[in-house]
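Enquirer: What follows is a single structure, and I will ask about it in a moment.
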Amino acid sequence: MDTNPAPSSERSDFLREIVAADLRSGLHQSVVTRFPPEPNGYLHIGHAKSICLNFGIAEEFAGRCHLRFDDTNPIKEEQEYIDSIEADVHWLGFDWGEHLYFASDYFEQLYEWAIHLIKTGRAYVDDLSADETREHRGTLTEPGRESPWRSRPAEENLDLLARMRAGEFGDGARVLRARIDMASPNINLRDPVLYRIVHAEHPRTGDAWCIYPTYDFAHGQSDAIEGITHSICTLEFQDHRPLYDWFIENLPVPSRPRQYEFARLNLTHTVLSKRVLLRLVNERHVRGWDDPRMPTLSGLRRRGFPAEGIRDFAAMIGVARADSVVEVEMLHHAVRDVLNRTALRRFAVLNPLKVVIENYPQDAVEEIEATNNPEDPSAGSRHVPFTRELWIEREDFMEDPPKKFFRLAPGREVRLRSAYFVTCNEVVKDVDGNVTELRCTYDPSTRGGSAPDGRRPKATLHWVSTAHAVPAEVRLYDHLFRNPYPGADGRDLFEDLNPDSETVLRNCFVEPSLAGLPVGQTVQFERLGYFCPDVDSAPSAPVFNRTLTLRDAWAKLQAQGRHGTT
Ligand code: ATP
Ligand code: MG
840 MDTNPAPSSE
850 RSDFLREIVA
860 ADLRSGLHQS
870 VVTRFPPEPN
880 GYLHIGHAKS
890 ICLNFGIAEE
900 FAGRCHLRFD
910 DTNPIKEEQE
920 YIDSIEADVH
930 WLGFDWGEHL
940 YFASDYFEQL
950 YEWAIHLIKT
960 GRAYVDDLSA
970 DETREHRGTL
980 TEPGRESPWR
990 SRPAEENLDL
1000 LARMRAGEFG
1010 DGARVLRARI
1020 DMASPNINLR
1030 DPVLYRIVHA
1040 EHPRTGDAWC
1050 IYPTYDFAHG
1060 QSDAIEGITH
1070 SICTLEFQDH
1080 RPLYDWFIEN
1090 LPVPSRPRQY
1100 EFARLNLTHT
1110 VLSKRVLLRL
1120 VNERHVRGWD
1130 DPRMPTLSGL
1140 RRRGFPAEGI
1150 RDFAAMIGVA
1160 RADSVVEVEM
1170 LHHAVRDVLN
1180 RTALRRFAVL
1190 NPLKVVIENY
1200 PQDAVEEIEA
1210 TNNPEDPSAG
1220 SRHVPFTREL
1230 WIEREDFMED
1240 PPKKFFRLAP
1250 GREVRLRSAY
1260 FVTCNEVVKD
1270 VDGNVTELRC
1280 TYDPSTRGGS
1290 APDGRRPKAT
1300 LHWVSTAHAV
1310 PAEVRLYDHL
1320 FRNPYPGADG
1330 RDLFEDLNPD
1340 SETVLRNCFV
1350 EPSLAGLPVG
1360 QTVQFERLGY
1370 FCPDVDSAPS
1380 APVFNRTLTL
1390 RDAWAKLQAQ
1400 GRHGTT
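Each residue of the sequence shown is one higher than the one before, counting from 840 in our numbering.
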């Protein structure tokens, strides 16, 4: 009888099935995964999928997940990126505990293993130039050709590698290559490069090294050193797996990790390539890595997306072995779901129009009680000052309304949320004919927003007292790329940038309770959407980002029978 059942997960996908089977069969006593970012940029929503997967599996199966920086290319890597990646993984809700590692911690060990490969006849120093190497590599249909340096004696290779390390040669002068098979149908096995000469300061090892291992030579061996059981990566590494296994076979490594591949996340209207994201930043198409339009975790956080929404999204999309494109609306749907439950409701007017309630006492201020969140009674209520002069949304009034417009119009009564019913009696205009003010009356018997005679206006408007309103800047966001498939059909990606991805409104008014709202706390502006204070806020001049509108486009797509993925 099985008295000690292996831990198992409630979720299921092909990776979790593999892990469960390996624990059941006793192949592994416990699961160890890792998330291996290269610190050459900020993390994005695609990385979130990988983080949720690696940390999620470790958590569900009572194992552990390492955070390991793949810092093998000092030219592109920076401490700023290391710091941001650590902060983002924590923000997303995961913790590596004491298991923080760097591939650079293993440089000495990797170097010893390179010597081992030379001594066993499995590696050589090659003097071909980069161009010659490319030319020798062959193509998918033609085998490669062997380098004339391929059969150098081991002693000569050892001597040259030592001199490479000692800094005797310039960048690119020589490389260390594995001796595998120049005729292999898998190009990754055609004597891949193990070490290249790069005279560059490394964020962690400084100038201790001027030769650096390639990703292929560092990754699997780092996994083996750390005792990783399941090395989970994206599909583009599938063709590297034979090489991953070749190193593990041919080196005296302390454990035998295995690599598994899953489909990377692609999102409509979104580019998830650090190279492109870096260009967006450097060419100032956005305010920085954390611009609210960026798909980076820091951008999504600044825009007001809760970490829970991103984790829920990762669970919704699941893990598959085939590439697909997920509609960005699905991410928005997951985020709205969380915000609808958690966001406090507040009043804000983005495009103000003045209302004067002529029969309301001149200097009176009433504290109106307004519900914080109808979805969550425990969120309680707050007081909002109500006075004779208010701001309402300009779009909520029409002088000459069409049939289906039920909001305010001359002679019509509407409800002001949680306050009173008001009727518009007169429209005041400036010399150009623009409406500048509405003269209204209120019905004192409708306090709280309901009438004793049971009559119900067809519209309920939000409002802010002009005397108490806090002026605010509000930034509205739309897709950064207007095309769902940026750069498709051979277009330049940057031609697909949406010129209207950000709209700044500078004449907005928010209720007084919003003045001190902490940066990053997302609230619902009633009837308008979800918003959160931006880091650019000053105490008396808040700036809000629109996180999302209220409309759920994904739910609509689903209702029309379209799926979340294409
Ligand atoms: P680049 O943008 O330069 O190709 P990268 O996105 O692969 O780099 P890494 O730092 O190497 O960046 O990624 C760390 C981990 O995140 C890797 O295991 C990688 O497979 C995974 N990852 C990267 N992009 C995605 C994505 N879009 N969906 C799922 N996982 C991803
Ligand atoms: Mg990568």
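In this text, a Cβ means the ideal position worked out from N, Cα and C, and glycines have one as well.
If we count the other Cβ atoms within 10 Å of its Cβ and call it buried at 16 or more, is H1172 buried or exposed?
Expert: Burial call: buried.
Enquirer: Are R1184 and N1212 closer than 7 Å when you measure CB to CB?
Expert: A contact, by the Cβ cut-off of 7 Å.
Enquirer: Across the segment 906-922 and the segment 930-950, are there enough close Cβ pairs to call them in contact, namely three or more that are closer than 8 Å?
Expert: Yes, the segment 906-922 is in contact with the segment 930-950.
Enquirer: Listed in chain order, which residues are found with a beta carbon closer than 5 Å to a heavy atom of the ligand ATP?
Expert: Taken from the N-terminal end onward, the list reads P876, E877, G885, H886, K888, S889, C1072, T1073, R1103, L1104, L1111, S1112, K1113.
Enquirer: To which residues does DSSP link H1041 through a beta bridge?
Expert: Bridge partners of H1041: G1045.
Enquirer: First and last residue of the beta strand (DSSP E) that includes T1210?
Expert: Counting along the chain, the beta strand (DSSP E) containing T1210 begins and ends at 1205-1210.
Enquirer: For A1057, I'd like the list of residues in its chain whose CB is within less than 8 Å of its CB, leaving aside the five on either flank, ordered along the chain.
Expert: Hits under 8 Å: D909, T911, A942, Y945, L949.
Enquirer: Would P1091 be called buried (16 or more neighbouring beta carbons within 10 Å of its own) or exposed?
Expert: Classification of P1091: exposed, given that the 10 Å Cβ count is below 16.
Enquirer: Have a look at T872, D1375, D1235 and flag the residue whose alpha-carbon is nearest the alpha-carbon of R1126.
Expert: The shortest Cα separation from R1126 among T872, D1375, D1235 belongs to D1375.
Enquirer: Beta-carbon within less than 7 Å of G1326's beta-carbon, same chain only, minus the 5 sequence neighbours each way: which residues are those?
Expert: L1332, D1335, listed in sequence order.
Enquirer: Which word fits E1365, buried or exposed, when buried means at least 16 other C-beta atoms lie within 10 angstroms of its C-beta?
Expert: That one is buried.
Enquirer: Does T1405 pass the burial test, meaning 16 or more other C-beta atoms within 10 Å, or should it be called exposed?
Expert: Here T1405 scores only 43 on pLDDT, less than 50, and its place in the model should not be relied on; the value that follows carries that caveat. T1405 comes out exposed.
Enquirer: So, at 6 Å on beta carbons, what are the nonlocal neighbours of I957 in its own chain, with the 5 sequence-adjacent residues on each side left out?
Expert: Around I957: A993, N996, L997.
Enquirer: Could I get the ranges of all uninterrupted alpha helix (DSSP H) runs contained in the segment 870-924, with 4 residues as the minimum, in chain order?
Expert: Entirely contained in the segment 870-924, the alpha helix (DSSP H) runs reaching 4 residues are, in chain order, 884-899.
Enquirer: Does A1153 come out as helix, strand or coil in the three-state DSSP assignment?
Expert: Helix.
Enquirer: Use the C-beta contact count for S1284: other C-beta atoms within 10 angstroms, 16 or more gives buried, fewer gives exposed.
Expert: Burial call: exposed.
Enquirer: Put R1321 into one of helix, strand or coil per three-state DSSP.
Expert: It is coil, neither helix nor strand.
Enquirer: By DSSP, does S1163 sit in helix, in strand, or in coil?
Expert: In the structure shown, S1163 sits in coil (DSSP, three-state: anything other than H, G, I, E or B).
Enquirer: When the Cβ atoms of the segment 918-925 are set against those of the segment 872-892, are three or more pairs found closer than 8 Å?
Expert: They touch, by the three-pair rule.
Enquirer: Kindly identify the DSSP beta-bridge partner or partners of T1262.
Expert: Paired residues: E1252, T1280.
Enquirer: Between L1015 and L1028, how many whole angstroms is the CB-CB distance? I'm expecting something under 8 Å.
Expert: Contact flag wrong, Cβ pair sits at about 16 Å.
Enquirer: Please report the distance separating the alpha-carbon of C1279 from that of H1222.
Expert: So the two alpha carbons sit approximately 23 Å from each other.
Enquirer: For the segment 1161-1170 against the segment 1104-1122, are there 3 or more C-beta pairs whose distance is under 8 Å?
Expert: Because the criterion of three Cβ pairs below 8 Å is met, the segment 1161-1170 and the segment 1104-1122 touch.
Enquirer: Pick helix, strand or coil for L999, following the three-state DSSP scheme.
Expert: Note: L999 maps to helix in three-state DSSP.
Enquirer: As an exercise, report each continuous beta strand (DSSP E) stretch of at least 3 residues that is fully enclosed by the segment 942-978, in chain order.
Expert: List check, beta strand (DSSP E) in window: 962-965.
Enquirer: With a 10 Å radius around its C-beta and 16 neighbouring C-beta atoms as the bar for buried, classify D934 as buried or exposed.
Expert: Exposed: under 16 other Cβ atoms inside 10 Å.
Enquirer: Can you tell me which of the three DSSP states L1139 falls into?
Expert: Looking at L1139 - three-state DSSP - the assignment turns out to be helix.
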